[in-house]
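Asks: Residue numbers (the numbering used here), protein chains in the order written: chain A, -4 to 275; chain B, -4 to 275.
Glycine residues also receive a C-beta, built at the ideal position from the N, C-alpha and C atoms.
Below: one structure in C-alpha cells.
Protein chains: 2
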Amino acid sequence: MQRKPLGIAVVAPANRLDPELASRVMAITARLYPEQVRVHVHPQCHMSWGHFAGEDQARAAAFVEVANDPAYGAVWFARGGYGSCRIAQAVLPQLTEAARHKMYLGYSDMGTLLAALYANKFPHVAHGPMPTDIAREDGDAAIRRALAFLVDRDPKALEPSLAGAKHVAFNIKTLGCLLGTPLQPDLSGHVLMLEDVSEYMYAIDRALFHITSNPAIRLVAGIKLGRCSQIPANDPDFGQSEVEVVQHWCQKSGIPYLGRADIGHDSNNKIVPFGEMLVA
Amino acid sequence: MQRKPLGIAVVAPANRLDPELASRVMAITARLYPEQVRVHVHPQCHMSWGHFAGEDQARAAAFVEVANDPAYGAVWFARGGYGSCRIAQAVLPQLTEAARHKMYLGYSDMGTLLAALYANKFPHVAHGPMPTDIAREDGDAAIRRALAFLVDRDPKALEPSLAGAKHVAFNIKTLGCLLGTPLQPDLSGHVLMLEDVSEYMYAIDRALFHITSNPAIRLVAGIKLGRCSQIPANDPDFGQSEVEVVQHWCQKSGIPYLGRADIGHDSNNKIVPFGEMLVA
C-alpha cells in the first residue's frame, strides 16, 4: 500500500540556516526516503536581520504559514541560537486547527516554541535534532534519527528511558527564561530532562537554583540530566560537576534526581516527545 | 560633638576577596575617616571552596553573624561573582531585630540578598560599589563614594535621578534568576534600574524578554537602563544596541522606558538606595 509522502517544512524562528547545510539535509533525505518524504526549506531560513533569520515579523509569518498548511505533516525547526521568544506570543493566536495535526521537532532555543505549543495542548511536540546538526561530527546520524522519527516514529530514535511516564526536555537556559512568564509550561507530574551547552558551571548552578526554586517546577516527577557540553573553564575551578550541581539543587528543593538522560547539543541527541508517548 | 565610630563589616556571600584589595580599602578608609570608621573584614572573605569564598554554611554564618551584631552599622558586601542565591533563603529566618537597623550595600550577584532583605522590609538596602571595586580603573573613587554614603549619606554619592519616586537597581541576569522564585521582590510602583556586564547582546535581549514578560514586573513605574559593559562580540552583529533592546521590550510590554541610569560595573557606579530615599 502506497502512503502519501510526508511533507516536512523547515523554518528558522531564531538564527539563519546555512544554505549549504540545508542542501546536505535535502540530499540525505532524498537518498533515504526518495518516495516517502518531501522537504520544503522555507526561504525565510536564509534571510538575515542582524542576529536573526529575518525580522520578527518575517520569522513569525513563515512559522504560521507552514504550521497552518495541511500539506505538511511536520514542522522541523532549522536551528536554535536565540530568537523564538521574540515571536512565540505573537504566533500562538494565529495558529489554526491544521496546526494541531502535525509534529514539531527541535531543541535548544526552540524550547520556547515547544513549551508554548505544549502549553496550548498541541499533541505532537518533540525535543530532538535539527537540520543544522548536519554540521556536527557524525551529524548524519542526527539527521537520520530525526527523519526516522518524523517518517516512521521509529522507537530506536527515542531517548531510551521514556516508558511509563510523561516527559519533557529543555535546554537549561531556555527553560530558565520562561519561568514566571505566561509561556512557562505546566510540568507537574513530568520527568524533566535538562541539557545545556557553552555555559559556565556557575551559570548552570545559578540556573538550577532558579529552576528548582520555582514552586510550579517543584511539582515535576523528577529531573534527569542530559549532557552539559563545552563548559568554559571556571576560574577558580567551580569545584562541582554538573551532576553534583543538579543533585545539590534537587536535594534542596525536594525534587527527585532520576539520573542521566541521553540528550544534549551533539549528534547523539535522542528524541523526547513531550507528554505521554503517542506512537502512531 | 563626637559621634560614635561607624562599624562597617565586610563579608563575601559569593566569591573570595583578595586580601591585598582588602588592605587597600582599609588604608583608604583609615586615611579618610581616621576616627569615624572602623572596618572589619571578616576572615570568611578570604576563605576558598571551589568557586566560592567558603562553603555555603560558612558564608551564611559569616553574614548572619555580622548582620545580627549591633556593633556594626553597615554590612558592606565584599564582591559579587556568583553565590548569594545559595544562601539567601537559609539566612533570612536567622536574622534578628538588630539586623534591621543597619545599611546593606553591594551590587551584581549581591542583588539576590538585597532583594531578599528588601522583600522582608529591611529599610536600608542599597545598590552600589563594593570593596573589590578598588581594583578597577579609578577604583579609589568608587570606594570613596561608598564610604561617603555609608558614613554621611552624602547626596553626591547617589544616582542623580532618584528624587520623588521609589527606586531599585539590579544586575539584569541576577534579577532574571529571581523571577518566579520566592525571592522575587515586589517592585510595583518602583523605577527599576538595570545594568549588566560581560553578557552577549542576545543574552541581554533574552533577559529583557524574561523580565518584561513577568506580570508582577509589569507593575513597575518604568525602567531606566544603566551601563552594559564588556559586551562580547556577537557573530553576526546583533544589529541592535542595548538601548534599542530595552526600548523594544518596554514597548512590547507596556512598561515606560525612562532613559539612562548612572549605574554599572565600573567605578562611576552611583548609589541607589532601595525604596524611597531615607536620608538620616
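1. Which of the three DSSP states, helix, strand or coil, is assigned to Lys151 (chain A)?
2. Quick check on the DSSP output: what are the complete beta strand (DSSP E) runs of length 3 or more inside the stretch 98 to 123 of chain A, in order along the chain?
3. Can you list the residues of chain B that Asp232 (chain A) reaches, using a CB-CB cut of under 9 Å?
4. Using a C-beta cutoff of 8 Å, does Tyr252 (chain B) count as contacting chain A?
5. Please state the DSSP three-state secondary structure of His46 (chain A).
6. Indicate the three-state DSSP secondary structure (helix, strand or coil) for Cys40 (chain A) in the structure shown.
7. What do you get for Gln279 (chain A), buried or exposed, if any count of 16 or more other CB atoms within 10 angstroms of its CB means buried?
8. Which chain B residues sit within Cβ distance under 7 Å of Arg201 (chain A)?
9. For His46 (chain A), which of A:Tyr77, A:Leu178, A:Val215 and A:Met188 has the nearest alpha-carbon?
10. What's the gap between the Cα of His122 (chain B) and the Cα of Phe269 (chain B)?
11. Whole angstroms is fine: what's the gap from Ala275 (chain A)'s alpha carbon to Arg95 (chain A)'s?
12. Skipping 5 residues on each side, what residues in its chain have a beta carbon closer than 6 Å to that of Ile266 (chain B)?
13. Is it a yes or a no for the stretch 129 to 146 of chain B touching the stretch 184 to 199 of chain B, going by three-plus beta-carbon pairs under 8 Å?
14. Name the residue from A:Leu16, A:Met272 and A:Ile206 whose alpha carbon lies nearest to the alpha carbon of Ala130 (chain A).
15. Quick check on the DSSP output: the alpha helix (DSSP H) that includes Tyr252 (chain B) runs from which residue to which?
16. When you compare the CB of His205 (chain B) with every CB in chain A, is at least one pair closer than 8 Å?
17. Taking C-beta pairs closer than 7 Å, name the residues in chain B that Thr127 (chain A) reaches, listed in chain order.
18. Report yes or no: do three or more beta-carbon pairs, one from the stretch 155 to 170 of chain B and one from the stretch 6 to 20 of chain A, lie closer than 8 Å?
19. By the three-class DSSP mapping on this structure, what secondary structure does Arg29 (chain A) have?
20. Can you tell me whether DSSP reads Met196 (chain B) as helix, strand or coil?
21. Could you give the DSSP three-state label for Met188 (chain A): helix, strand or coil?
22. Whose Cβ in chain B lies nearer than 8 Å to the Cβ of Gln179 (chain A)?
23. With DSSP run on the structure shown, which of helix, strand or coil describes Lys80 (chain B)?
24. In the DSSP output, what is Leu1 (chain A) paired with across the bridge?
25. How far does the alpha helix (DSSP H) with Gly171 (chain B) in it reach, from first residue to last?
26. Can you list, in chain order, the residues of its chain whose CB lies under 8 Å from that of Gly259 (chain B), leaving out five sequence neighbours each side?
27. For Leu157 (chain B), I'd like the list of residues in its chain whose CB is within less than 8 Å of its CB, leaving aside the five on either flank, ordered along the chain.
28. Would Asn263 (chain B) count as contacting chain A if we go by Cβ distances under 8 Å?
29. So, is Lys(-1) (chain A) buried or exposed, given that buried needs 16 or more other C-beta atoms within 10 angstroms?
30. Hey, how far is the Cα of Gly217 (chain B) from the Cα of Lys247 (chain B)?
31. Closest Cβ-Cβ distance between Asn115 (chain A) and chain B: below 8 Å?
32. Just confirm the distance between the C-beta atoms of His35 (chain B) and Ala4 (chain B), as a whole number of angstroms; I'd bet it's less than 8 Å.
33. Chain A partners of Ser236 (chain B), CB-CB under 7 Å?
34. Do Val215 (chain B) and His185 (chain B) have their C-beta atoms within less than 8 Å of each other?
35. Three-state secondary structure (DSSP) at Ser18 (chain B)?
36. What is the C-beta distance between Leu187 (chain A) and Asn209 (chain A), in whole angstroms, given that I count them as a contact (C-beta under 8 Å)?
Replies: Walking through what the data contain:
1. The three-state reading of DSSP puts Lys151 (chain A) in helix, counting H, G and I together.
2. Counting whole runs of 3 or more residues, the stretch 98 to 123 of chain A contains the beta strand (DSSP E) stretches 98 to 101 and 120 to 122.
3. Result: Gly45 and His46.
4. False, the Cβ-Cβ gap to chain A never drops below 8 Å.
5. His46 (chain A) falls in the coil class under three-state DSSP.
6. Helix at Cys40 (chain A).
7. What the structure shows of chain A is the stretch from -4 to 275, and residue 279 (chain A) is not part of that stretch, so it cannot be assessed.
8. Here the neighbours are Tyr77, Cys80 and Cys172.
9. Cα-wise, what sits closest to His46 (chain A) is A:Tyr77.
10. So the two alpha carbons sit approximately 7 Å from each other.
11. Here the model assigns Ala275 (chain A) a pLDDT of 40, short of 50, so the residue's position is not dependable and the matter cannot be decided.
12. Excluding sequence neighbours, Ile266 (chain B) sits near Ala121, Gly123, Phe144, Ala152 and Leu153.
13. Contact between the stretch 129 to 146 of chain B and the stretch 184 to 199 of chain B is absent, because fewer than three Cβ pairs lie under 8 Å.
14. Scanning A:Leu16, A:Met272 and A:Ile206 for the CA closest to the CA of Ala130 (chain A) turns up A:Leu16.
15. Premise fails: Tyr252 (chain B) lies in the beta strand (DSSP E), Tyr252 to Arg255, not in any alpha helix (DSSP H).
16. Yes, His205 (chain B) counts as interfacial toward chain A.
17. Result: empty, since nearest Cβ-Cβ is about 15 Å, beyond 7 Å.
18. Using a Cβ-Cβ distance cut-off of 8 Å, the stretch 155 to 170 of chain B and the stretch 6 to 20 of chain A are not in contact, since fewer than three pairs of beta carbons, one from each stretch, lie closer than that value.
19. Here residue 29 (chain A) turns out to be Pro, not Arg, going by the sequence shown. DSSP, reduced to helix, strand and coil, places Pro29 (chain A) outside both helices and strands of the structure shown, so it counts as coil.
20. Annotated three-state conformation of Met196 (chain B) is helix, per DSSP.
21. The answer is strand: DSSP assigns Met188 (chain A) an E or B state.
22. The contacting residues are Gly175.
23. Per the sequence shown, the amino acid found at residue 80 (chain B) is Cys instead of Lys. In the structure shown, Cys80 (chain B) sits in a helix (DSSP, three-state: H, G or I).
24. Residue pairing by DSSP places Leu1 (chain A) opposite A:Val32 in a beta bridge.
25. It spans Ile167 to Gly171 - the alpha helix (DSSP H) in which Gly171 (chain B) sits, taken as one unbroken run.
26. Sequence-distant partners of Gly259 (chain B) (beyond 5 residues in either direction) whose C-beta falls short of 8 Å from its own C-beta, in its chain, are Glu190, Val192, Gly221, Arg222, Cys223 and Ser224.
27. Hits under 8 Å: Val267, Pro268 and Met272.
28. No, no contact with chain A.
29. By the beta-carbon neighbour count (other beta carbons within 10 angstroms, threshold 16), Lys(-1) (chain A) is exposed.
30. Taking the straight line from one Cα to the other gives about 13 Å.
31. Residue contact with chain B for Asn115 (chain A): absent (no Cβ-Cβ distance below 8 Å to any residue of chain B).
32. That belief holds up - the Cβ atoms of His35 (chain B) and Ala4 (chain B) are roughly 5 Å apart, short of 8 Å.
33. Per Cβ cutoff of 7 Å: no residues; Ser236 (chain B) is ~11 Å from chain A at best.
34. Yes, these two residues count as a Cβ contact at 8 Å.
35. Here Ser18 (chain B) carries a helix assignment [DSSP, helix/strand/coil].
36. A Cβ-Cβ distance of about 11 Å is found for the pair Leu187 (chain A) and Asn209 (chain A), leaving them out of contact under the 8 Å criterion.
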